[in-house]
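Each remark here refers to the structure printed beneath this line.
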Amino acid sequence: MDSRALIELERKPFKQRLEYQYSLYLKELQEGYMMGREGYGPVDRRMKYRELNGEAFNEVLVFGSNSYLGLSNDPYVKRKVIEAVEKFGIGSGGSPAFSGYTKQHRDLEKRLAALAGHEDAVLLPGGYMANLCWVYGLMNRNDIIVYDKNSHASVINAIKMTGVPFYTFDPDDLGAFERLIKRIRERAKPGTQVFSTVEGVRSIDGSVIDLPRYLEICANNDIITILDDAHGLGTVGRTGKGTLEHFDLLGKADLRMSTCSKALGAQGAFVSGSKEHIFLLRTFSYPYVFTSGMAQPTIAAISAALDVLENEPERVARLHENVRYMQDEFEKVGLKIIRGVSGIIPVFIEKEGVVRQMNRVLYSRGLFVNIMEYPMVPPGLERIRVSVMSTHTREEMDTAVSMIADVAREFGCL
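FYI, the numbering for the sequence shown is 1367 to 1780, going by this note's numbering.
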């Protein structure tokens, strides 16, 4: 379904949308389109997958995993999880506000706060909940938030659900952002607190904005800043502490959200900040107060992953080396990319409406990648999102580049 048809469909009543979308699903299922994939076995650079409408599991080369450092299947991490299960059991038994908070939770929060250069932190089940947490816990309708137009859906949904007045900005035009902030300040009632959030690593293309300039503008205008560094932890910075480390600015954002489900290879997320800000989240943020505390195996997995991140800096260095190598190889064959500093390489497919079919062909030939199409990205900016791991070999990277280039030529995109 092309972008124009989807835009038109959004204007239809619910029952018409439901009927059309489900009938389209059945039609594409019958015609053999890829409708989702089911993995089998440990998450690694090679895995077995089958389509949801298929029967056989086939091994594929994976360039679509967020396990950037290969920690999801790391022997040390697995051993520490097994030890934790034997010692502490499984579930937390309640929400953090009641019985679901243990010494293990607290120790990990302290460790994550120190990693981020902050005083304290709270743990959440995932990045979506973490973004809901800080929006609900910090703001009300008397405040204003100015958010990155590329923000994750969780941020946008939380803002709309809480009714906080909002503005959006383009992180690639910080001059316009500064002018917008000044207009907001001129019009706002006295005492109005303005917040702003931006992605550290842009999830749709792996790029990083001019974070020093952004934070300077916010500091000069009394803006409370929240950095969404979901894809930055473990991938960016000399030791993998994220986008702020990359710019030598650890702790300079007022709050930071990072996930533990990507480079750390586990599950969950955290929000870090000052003692006062985190107090508000612990006490008044419903997504934290009314959610079960993180399970003990997950606590152990995150803690063990942090051990590896601290003790094996060569993993981050190897990821950076692999990313640069693949970027060079994509450019050599003539594919359009953005050269970021994270584990994400976007390969742009400028011919609208073919990226899904290309993905289908790549998968059938043994390559697992993810795609981004409307409404995730604007029409005409469809892309293959290649996720690089530190464990990928040169041979595997060469294979992936060659396969993508071959399919791009077959579809008239190269």
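Glycine residues also receive a C-beta, built at the ideal position from the N, C-alpha and C atoms.
As the structure is a prediction and not an experimental result, all values here were calculated from the model.
Put residue i into one of helix, strand or coil per three-state DSSP.
i: methionine 1738; result: strand
i: proline 1441; result: helix
i: glutamate 1663; result: Correcting the residue type first, residue 1663 is proline in the shown sequence and not glutamate. Three-state DSSP puts proline 1663 in a helix.
i: methionine 1755; result: coil
i: proline 1712; result: strand
i: serine 1673; result: For the record, residue 1673 in the displayed sequence is aspartate; it is not serine. The answer is helix: DSSP assigns aspartate 1673 an H, G or I state.
i: tyrosine 1415; result: strand
i: methionine 1623; result: strand
i: glycine 1617; result: coil
i: threonine 1558; result: coil
i: serine 1768; result: helix
i: arginine 1403; result: strand
Would you say residue i and residue j are within 8 Å of each other, going by their C-beta atoms?
i: valine 1567; j: aspartate 1595; result: yes
i: alanine 1524; j: serine 1638; result: no
i: methionine 1495; j: threonine 1657; result: yes
i: lysine 1754; j: glycine 1706; result: Checking the sequence shown, residue 1754 turns out to be valine, not lysine. Going by C-beta atoms, valine 1754 is not nearer than 8 Å to glycine 1706.
i: isoleucine 1592; j: threonine 1563; result: yes
i: valine 1713; j: phenylalanine 1696; result: yes
i: isoleucine 1711; j: asparagine 1725; result: no
i: alanine 1561; j: isoleucine 1522; result: This sequence places phenylalanine at residue 1561; alanine is not what is there. No.
i: cysteine 1499; j: proline 1653; result: yes
i: glutamate 1404; j: leucine 1427; result: no
i: leucine 1435; j: serine 1756; result: yes
i: glutamate 1485; j: serine 1640; result: yes
i: leucine 1701; j: alanine 1766; result: no
i: glycine 1631; j: valine 1773; result: no
If we ignore side chains and look at the alpha-carbon of each, how far apart do residue i and residue j end up?
i: lysine 1515; j: lysine 1453; result: 45 Å
i: tyrosine 1729; j: valine 1530; result: 43 Å
i: asparagine 1506; j: threonine 1528; result: 7 Å
i: lysine 1393; j: alanine 1519; result: 28 Å
i: glutamate 1748; j: valine 1674; result: 35 Å
i: valine 1721; j: methionine 1692; result: 20 Å
i: isoleucine 1510; j: alanine 1480; result: 29 Å
i: leucine 1581; j: aspartate 1571; result: 21 Å
i: valine 1699; j: valine 1501; result: 44 Å
i: lysine 1469; j: arginine 1553; result: 47 Å
i: arginine 1854; j: glycine 1746; result: A query on residue 1854 cannot be resolved here, the shown segment of the chain reaching from 1367 to 1780 and no further.
Between residue i and residue j, which are expected to be in contact by the criterion C-beta below 8 Å, what is the C-beta distance as a whole number of angstroms?
i: threonine 1601; j: alanine 1629; result: 5 Å
i: alanine 1666; j: serine 1458; result: Not a contact, Cβ separation roughly 13 Å.
i: proline 1408; j: asparagine 1439; result: 4 Å
i: methionine 1763; j: asparagine 1688; result: 7 Å
i: arginine 1411; j: histidine 1758; result: 6 Å
At what residue ranges does the region 1473-1502 contain a whole run of the beta strand (DSSP E), taking only runs of 3 or more?
Taking only runs of at least 3 residues, the beta strand (DSSP E) segments lying wholly in the region 1473-1502 are 1486-1490.
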